[in-house]
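In our numbering, the protein residues as written are 1 to 293.
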Amino acid sequence: MEAKVAQSLQFSTWNDLEKKRKPNGLLHFSPRSREQKRLQILIPSRLQPTGTATWHKPEALQVSGSYRNFPGSVLESGSFPPSFDEAMILKNKVEDIEPYLNGRCIFLVGMMGSGKTTVGRILSDALTYSFFDSDALIEQAVGGTSVAEIFKLYGEGLFRDNETEVLRKLSTMHRLVVSTGGGAVIRPINWKYMQKGISVWLDVPLEALARRIADVGTESRPLLHQEPGDAYAKAFTRLSTLWEERSEAYANASARVSLENIAAKLGTSDVCSVTPTVIAIEALQQIESFLKN
């Protein structure tokens, strides 16, 4: 862990935003200035549910027994044993990858609902990295305004501009796991920033994504909420359109984590049965393969 992990991102606040008037320009990262008001967001190991921005050092995974006696890479063998300790395998894989990773940031990309935030937090804890959700950073900088409200009040274009600025700033740092928004891949400039680290695509079948989103509702999904029909139908229809627009862009990622492939290794066709920790293990395996090539 770097000696000074608690670096800060400086955002100017939108104190003068008027809901009746569309603001001009970007959400700027303000320079260090005592005279300017700003919202300081410390890098956390995970974003707290309360929205607080305090940082704390992630605790190392505590695993009983000797992981060094465990098979070196279960995933490389092409199948999982009937019973296995996920935490032990994760810890083992972290040991394998750390010499190659060298502090580079990891950017998770994928469709909405693909589990980027959940898997990102597991990876950050395992690697003792810090974790950021790019959407949450934008929301915090706009005084807690949700992504859905930003889309509604100011439009997708302004949100995308701010998303690019967030990625630019994060790309200058080290030892971060970043969960990006589903549409972050559509701008080539965003790839320029993410390629300073390692990008990982969480590839989840559309049917599974639609089920996940339908279960929790579409209110927080601005690109889905206005679609007609029941929750699953409108989620699947819109996701299919987004997939057509973005699939080639996702393929630009350094590594791909296919939930269908993981499920096959587990001997099941149900991708929803794959746990986030197993997805994190596969992500590290794919990152390691990318770095060794």
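Here a beta-carbon is modelled for each residue, glycine too, at the ideal position from N, C-alpha and C.
Endpoints, beta strand (DSSP E) assigned at residue i
i	result
Ser130	130-133
Ile106	106-109
Ile198	198-203
Ser269	Careful: Ser269 lies outside any beta strand (DSSP E) and carries neither H nor E.
Arg256	255-258
Val295	Since the displayed the chain opens at 1 and closes at 293, residue 295 lies outside it and no answer follows.
Ser179	176-179
Rounded distance between the beta-carbons of residue j and residue i, thought under 8 Å
i	j	result
Arg160	Arg187	7 Å
Thr277	Leu90	6 Å
Asp203	Leu259	7 Å
Leu127	Val166	At roughly 21 Å, the Cβ-Cβ gap does not stay under 8 Å, so Leu127 and Val166 are not in contact.
Val119	Ala280	5 Å
Gly305	Asp135	Because the chain in this structure spans residues 1 to 293, residue 305 falls outside the shown range and cannot be described.
Contact test: residue i Cβ vs the ligand FAD heavy atom, cutoff 8 Å
i	result
Ala253	This structure lacks the ligand FAD, and indeed carries no ligand of any kind.
Nearest-angstrom Cα separation, counted from residue j out to residue i
i	j	result
Phe132	Arg104	14 Å
Ala184	Gly113	14 Å
Thr241	Leu209	13 Å
Leu170	Lys192	12 Å
Arg212	Phe236	11 Å
Val271	Asn162	33 Å
Trp243	Met111	8 Å
Ile287	Ala264	20 Å
Asn92	Tyr232	38 Å
Tyr154	Ala148	10 Å
Pro205	Leu176	27 Å
Asp125	Leu158	32 Å
Leu284	Ile97	7 Å
Trp331	Glu156	Within the shown structure, residues of the chain are numbered from 1 to 293, placing residue 331 beyond reach of any answer.
Ile189	Glu207	30 Å
Leu239	Arg121	25 Å
Gly115	Asp230	22 Å
Asn102	Thr164	25 Å
Ser130	Val109	17 Å
Same chain only: Cβ atoms within 6 Å of residue i, ignoring 5 sequence neighbours per side
i	result
Phe290	Ser254, Ala255
Met194	Phe107
Glu95	none
Lys196	Ser171
Contacts around residue i, its chain only, beta-carbon distance under 7 Å, and the 5 residues preceding and following it disregarded
i	result
Thr145	Glu139
Thr275	Glu86
Thr117	Asp133, Ser179
Range of the contiguous alpha helix (DSSP H) that encloses residue i
i	result
Ile289	For the sequence presented, residue 289 should be read as Ser rather than Ile. It spans 276-292 - the alpha helix (DSSP H) in which Ser289 sits, taken as one unbroken run.
Arg212	206-216
Val94	86-101
Ser114	Element bounds for Ser114: n/a, residue is neither H nor E.
Ser240	231-250
Ile189	188-194
Sequence-distant residues of its chain with Cβ nearer than 8 Å to residue i (five each side left out)
i	result
Asn252	Val185, Trp191, Ser199
Lys292	Tyr100
Ser273	Ala263, Leu266
Arg246	Met111, Gly182, Gly183, Val185, Ile186
Gly72	Any reading at Gly72 must be qualified, since the residue scores a pLDDT of 37, below 50, and its modelled position is unreliable; no value is offered.
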